[in-house]
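Everything below concerns the one structure shown next.
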Ligand code: SF4
């Protein structure tokens with residue numbers, strides 16, 4: 314297999330708070346190869362957005378990379394100067410934010426902002442840049458692109474705004490797109506259109522996508538490989554087919570059961586949505602042992618005392634659960650703990 318485009322190794326990220334340093338991402342490793350889509354899925358507070366923000370060092374003043382490496386085309390991003398990273402943002406790696414209004418400036422026209430994004434990384438003259446901006450808007454499915462160039466963001470619908478953000482993100486044809494919940498703020502039909510658009514752009518240009526989502530429906534639609542996160546750790550990682558055909562971690566199984574289907578109705582015809590009981594633990598109150606044990610229906614004594622390792626099963630399917638580890642290995646790890 315070729316070198317990965319993006320390689321994250323043993324990354325831990327913390328935040329300074331009044332109560333001390335909290336670890337939001339713990340010992341995370343993942344790779345993204347050229348042309349593939351890797352989805353990171355998990356509930357709020359699982360560390361998926363912090364992982365994506367670490368790549369371009371967008372953690373804010375309180376964020377600290379505690380350990381690990383992030384390599385893009387073999388280049389160490391964590392050792393890269395702020396000036397060099399600014400040059401890479403948009404050109405090599407682009408981000409699509411969850412809420413398009415935060416990515417667009419309300420006081421500038423769409424045209425102004427798109428031209429700015431184009432001119433940042435290319436030497437096109439104004440007229441050429443304008444033609445390219447119109448072409449980009451057309452490519453992301455915006456009708457009447459010439460007149461939209463003169464509109465302000467508030468005049469567009471949420472779906473149209475997100476299309477503009479995508480147009481800005483692909484303006485410099487970056488090899489890697491990071492999309493953090495790009496469809497969360499949109500209604501279901503627009504969501505489907507945006508996902509189709511991302512797929513088409515990827516097919517046309519071979520862009521790799523790191524997609525952050527809490528929605529397994531989006532994962533099923535988009536992913537080649539899936540990373541499931543819980544309370545700052547990877548709990549399962551597999552190819553999309555392997556994950557959906559045979560989810561191994563009780564948390565992934567719970568997420569799958571919580572997916573609404575046309576059969577999730579009571580006899581009276583009312584919707585019956587299944588949820589995983591409990592909440593993701595607070596980072597300053599992580600439970601001892603397996604972090605999922607207070608919510609896990611299969612919890613054993615060892616789960617409450619020792620943290621399971623992320624271990625490989627078949628077909629590079631990684632899972633962090635004592636249930637999937639051979640008994641002899643557990644006995645060695647457990648020492649005197651009852652299993
Ligand atoms: Fe559940 Fe134990 Fe597996 Fe954790 S290690 S997911 S508590 S069975």
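Residue numbers (our numbering): 314 to 652. Each residue gets a CB set at the ideal place from its N, CA and C atoms; glycine is no exception. It should be emphasised that the depicted structure is a prediction, and the values quoted were computed from it without experimental measurement.
Nonlocal neighbours in the same chain, by C-beta distance under 8 Å from residue i, ignoring five residues either side
| i | result |
| --- | --- |
| residue 411 | 493, 494, 495, 497 and 498 |
| residue 507 | 472, 475, 476, 479, 495, 496 and 499 |
| residue 346 | 314, 315, 317, 318 and 521 |
| residue 574 | none |
| residue 631 | 547, 549, 550, 551, 623, 624 and 625 |
| residue 611 | 563 and 636 |
Residue j beta carbon less than 8 Å from that of residue i
| i | j | result |
| --- | --- | --- |
| residue 414 | residue 488 | no |
| residue 356 | residue 527 | yes |
| residue 481 | residue 426 | yes |
| residue 404 | residue 521 | no |
| residue 532 | residue 551 | no |
| residue 653 | residue 428 | Because the chain in this structure spans residues 314 to 652, residue 653 falls outside the shown range and cannot be described. |
| residue 378 | residue 391 | yes |
| residue 338 | residue 363 | yes |
| residue 359 | residue 553 | no |
| residue 710 | residue 342 | Not covered by the structure: residue 710. The range shown for the chain is 314 to 652. |
| residue 463 | residue 424 | yes |
| residue 624 | residue 602 | no |
| residue 637 | residue 626 | yes |
| residue 545 | residue 596 | yes |
| residue 572 | residue 352 | no |
| residue 589 | residue 361 | no |
| residue 437 | residue 431 | yes |
| residue 635 | residue 609 | no |
Where residue i sits in the DSSP three-state scheme
| i | result |
| --- | --- |
| residue 299 | With the chain covering 314 to 652 only, the question about residue 299 has no answer from this structure. |
| residue 521 | strand |
| residue 328 | strand |
| residue 471 | helix |
| residue 623 | coil |
| residue 439 | helix |
| residue 508 | helix |
| residue 465 | coil |
| residue 404 | coil |
| residue 434 | coil |
| residue 388 | strand |
| residue 316 | coil |
| residue 478 | helix |
| residue 484 | coil |
| residue 632 | strand |
| residue 515 | helix |
| residue 641 | helix |
| residue 338 | strand |
| residue 453 | coil |
| residue 356 | coil |
| residue 502 | helix |
Own chain, CB closer than 6 Å to residue i, minus 5 neighbours either side, in chain order
| i | result |
| --- | --- |
| residue 568 | 529 |
| residue 548 | 541, 562, 564 and 633 |
| residue 491 | 365, 408 and 523 |
| residue 372 | 366 |
| residue 556 | 539 |
| residue 519 | 348 |
| residue 385 | 319 |
Span of the alpha helix (DSSP H) around residue i
| i | result |
| --- | --- |
| residue 349 | That residue, residue 349, is in no alpha helix (DSSP H); it is neither H nor E in DSSP. |
| residue 554 | 553-558 |
| residue 380 | Here residue 380 belongs to no alpha helix (DSSP H); instead the beta strand (DSSP E) covers 376-385. |
| residue 368 | 361-368 |
| residue 569 | 563-570 |
| residue 371 | Taken as a continuous stretch (DSSP letters only), residue 371 belongs to no alpha helix (DSSP H), as it is neither H nor E. |
| residue 534 | 529-535 |
Range covered by the beta strand (DSSP E) that runs through residue i
| i | result |
| --- | --- |
| residue 613 | Unbroken run through residue 613: none, as it is neither H nor E. |
| residue 492 | 489-493 |
| residue 420 | Per DSSP, residue 420 belongs to no beta strand (DSSP E) and is neither H nor E. |
| residue 595 | No beta strand (DSSP E) holds residue 595; DSSP gives it neither H nor E. |
| residue 539 | 538-543 |
Nonlocal neighbours in the same chain, by C-beta distance under 7 Å from residue i, ignoring five residues either side
| i | result |
| --- | --- |
| residue 459 | 447 |
| residue 600 | 594, 606 and 607 |
| residue 389 | 382 |
| residue 434 | 403, 404 and 485 |
Contact with chain D by residue i, beta-carbon distance below 8 Å
| i | result |
| --- | --- |
| residue 476 | The structure shown contains no chain D; it is built from a single protein chain. |
Any contact between the stretch 390-400 and the stretch 454-473? By contact I mean 3 or more CB pairs, one from each, below 8 Å.
no
In chain order, what are the residues with a CB under 7 Å from some non-hydrogen atom of the ligand SAH?
In the structure on display, the ligand SAH does not appear, and the ligands it does have are the ligand SF4.
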